[in-house]
Amino acid sequence: MNIREAKDIRLVDFLAGFGYEPVIQRGNSVWYKSPFRAEKKASFKVDLHKELWYDFGLAMRVLIISFQCITCIAY
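Per our numbering, residue 4 is the first one in the sequence shown, and the count goes up by one each step.
Set out below in structure tokens:
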């Protein structure tokens with residue numbers, strides 16, 4: 004897989020591939036429990052239009068490529 008193919012992966016599809024399901028959807032925002040820590044309420048937001056994610060617990064926002072890199076390091 005090259006960088007262009009990786010960028011074309013939708014975040015929600017990538018998360019679903021790891022077994023993460025959304026808790027709630029509001030407009031273009033889909034909320035998940037963070038894949039980086041155990042939590043009771045969703046604090047991980049995916050913007051469907053911009054294909055960006057923001058983790059309110061980590062105060063971090065990045066693109067799919069960064070998420071893939073972080074996920075690979077974490078696992």
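Ideal Cβ positions, reconstructed from N, Cα and C, are used throughout, including at glycine.
Answer with buried or exposed for Leu18, where buried requires no fewer than 16 other C-beta atoms within 10 angstroms of its C-beta.
buried
Please list, in chain order, all residues of the same chain as His52 whose beta carbon is under 6 Å from its beta carbon, the five residues on each side excluded.
The beta carbon of His52 sits closer than 6 Å to the beta carbons of Asn31 from its chain, once the five residues preceding and following it are set aside; these are given in chain order.
Could you pull the start and end residues of the beta strand (DSSP E) that Asp11 belongs to?
Per DSSP, Asp11 belongs to no beta strand (DSSP E) and is neither H nor E.
Buried or exposed: where does Val26 fall if 16 or more other Cβ atoms within 10 Å of its Cβ makes it buried?
exposed
Just curious, the beta strand (DSSP E) that Leu61 is in, first and last residue?
Note, Leu61: premise wrong, no beta strand (DSSP E); not H, not E.
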